[in-house]
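With numbering that gives the first Met the number 0 applied, the sequence shown covers 0 to 439.
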Amino acid sequence: MADLFAGFEPAAPASPPADAPLADRLRPTTLADVVGQEHVTGPDGAIGRMVAVGRLSSMILWGPPGTGKTTIARLLAAAVGLRFAPISAVFSGVADLKKVFAEARDHARLGQRTLLFVDEIHRFNRAQQDGFLPYVEDGTVTLVGATTENPSFELNAALLSRAQVLILHRLDRVALEKLIARAERELDRPLPLTDAARDALVAFADGDGRFLLNQVETLYPVDLPEPLDPSGLSSFLQRRVAVYDKDREGHYNLISALHKSIRGSDPQAALYYLARMLTAGEEPLYVLRRLTRAAVEDIGLADPQALVQCVAAKDTYDFLGSPEGELAIVQACLYLATAPKSNAAYMAQKKAWRSARETGSLMPPANILNAPTKLMKQIGYGADYQYDHDARDGFSDANYWPDDLPPQRFYAPTDRGYEKRVAERLAWWDERRHASPTDD
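In structure tokens, the structure reads:
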């Protein structure tokens, strides 16, 4: 029996030693002490309601680093009296999982249910994630997974159907200031900072509570003659590097925000998101490809120069490199955001593609088919073709549609920018098509 409980870890750990890192010493001991996540831990939140009835369902905690995922999982186990079994997907494999599940079953036979906390659960592959399913379904474990990545992309649909996804927010200014106040009470003296530097310290943390407390702990042992101002703080501490993973959700969120800011004609927001991506190390050519897409999808013929600007920016960046070439990307971004907008070409493409799929292999009308052989001329290819340049105003009013397909209307230009002139030209041609021969 002693061996059976050898791996048992209590849900509520003992108080950390006095020399433990500040972040550990300030770790909340109740869910009410968790800051910044009241939308899930409060009385009306999903976790608050589960704790109130004393029964947990499996869940995935999704949020940025330093927002309390591990702490919440540990406190959940304590709140409902479950054994807490933590593992990390970074350091664990199939053998570790089998051992955890076997221990959980042994404890279950003795009436002790297990909360299995899996940190970085998205790092388990699909087959390993499938291995959780039978143990979650039969109640051997209550699974609490933690991830910084979008579960929709990283976790199996089968696992997601058995677990509630709860989103944890990056800590806002109010939450971070509460952490600083707790640190000052723990250390029994105020931070050696001016009010402006205190604000800067909160900004440096970028929503990460753990990072903030580590920075606070770095400040305290230093004997300073006077409080630091923002400049002094900046030289003393290091700003947290912005969270940005070039093949993960942050990457797609920012490129989406950039594209939509351009579409919404907000050059200031577009430039902000462009800066976020490039300063975080995004590949400039990736950004240029999206800018070019925005030029043809959201501007099109409302301003044909938009596409030219993007291609020129790409050539300029290739020629100058970084950082000089990044100014060309900025110019293209600003041009797109301030250009008149039209998605008429984009919508025309979708309609034309749909019509092409639906109508199959209809032959073009014979009058516009080339007739390079005698036989083709005999069967009518090219008959009565009218060369438009020989017609009045360079417009013959010939039919270009298959015999079994009435003329379609795919492209409808707007009245914005250059496209207004295109609309006037199309209207003139339409008028000529519908005019009777005597009208001339």
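Each residue gets a CB set at the ideal place from its N, CA and C atoms; glycine is no exception.
Member of the options whose CA lies at the smallest distance from the CA of residue i
i: T28; options: G35, M58, A77; result: A77
i: A305; options: L192, T337, M276; result: T337
i: E225; options: L190, P64, R169, N252; result: L190
i: Y386; options: Q377, Y399, M375, K376; result: Y399
i: D228; options: E183, Y251, A195; result: A195
i: T193; options: F123, D414, L223, L114; result: L223
i: E333; options: L257, I367, N149, S360; result: The sequence as given places Leu at residue 333; Glu does not occur at that position. For the residues L257, I367, N149, S360, the minimum Cα distance to L333 belongs to L257.
i: G92; options: Q267, F131, A182, A180; result: F131
i: L178; options: L273, L60, K313, L21; result: L21
Beta-carbon proximity check, residue i vs residue j, cutoff 8 Å
i: I46; j: L75; result: yes
i: V120; j: T146; result: For the sequence presented, residue 120 should be read as Ile rather than Val. Yes, the pair counts as a contact, with Cβ atoms nearer than the cut-off.
i: T70; j: V39; result: no
i: S56; j: Q163; result: yes
i: A370; j: Y410; result: no
i: D297; j: I254; result: no
i: A202; j: L232; result: no
Cβ-based burial, residue i [other Cβ within 10 Å; buried from 16]
i: A103; result: buried
i: E153; result: buried
i: Y316; result: buried
i: M362; result: exposed
i: I166; result: exposed
i: K98; result: exposed
i: K373; result: exposed
i: P42; result: exposed
i: R26; result: buried
i: I378; result: exposed
i: K349; result: exposed
i: S341; result: buried
i: G263; result: exposed
i: L319; result: exposed
i: P16; result: exposed
Cβ neighbours of residue i in the same chain (closer than 7 Å, five flanking residues each side left out)
i: Y417; result: L300, A301, D302, P303
i: C309; result: L287, L290, T291, A294, A331
i: D2; result: Because the pLDDT of D2 is 43, which lies under 50, any placement of that residue in the model is unreliable, and the question is left without a value.
i: D396; result: R431, R432
i: Q111; result: R82
i: A382; result: A365, N366
Range covered by the alpha helix (DSSP H) that runs through residue i
i: M346; result: 343 to 358
i: I59; result: Premise fails: I59 lies in the beta strand (DSSP E), 58 to 61, not in any alpha helix (DSSP H).
i: L232; result: 229 to 235
i: V164; result: Looking at the DSSP string, V164 is not in any alpha helix (DSSP H); the run it does join, the beta strand (DSSP E), is 163 to 166.
i: A107; result: 93 to 108
i: P42; result: Unbroken run through P42: none, as it is neither H nor E.
i: E418; result: 418 to 433
i: D129; result: 125 to 129
i: P371; result: Here P371 belongs to no alpha helix (DSSP H), and DSSP marks it neither H nor E.
Range covered by the beta strand (DSSP E) that runs through residue i
i: P448; result: What is shown of the chain runs 0 to 439, which leaves residue 448 out entirely.
i: R143; result: Looking at the sequence itself, residue 143 is Val, so the reference to Arg does not match. Element bounds for V143: 140 to 146.
i: D118; result: 113 to 118
Cβ shell of residue i (< 6 Å), same chain only, five flanking positions each side left out
i: F116; result: A72, P85, V143
i: Y134; result: F100, V140
i: M58; result: V143, A162, Q163, L165
i: Q214; result: L236
i: P339; result: A301, D302, R415, G416
Short CB-CB distance (under 8 Å) between residue i and chain B
i: L333; result: The structure shown has no chain B; it contains just one protein chain.
Close beta carbons around residue i, own chain, < 8 Å, minus the five adjacent residues each side
i: V50; result: L30, L75, A78, V79
i: P283; result: L277, Y316, S321, G324, E325, I328
i: T66; result: G35, Q36, L167, H168, R169, L170, G206, D207, G208
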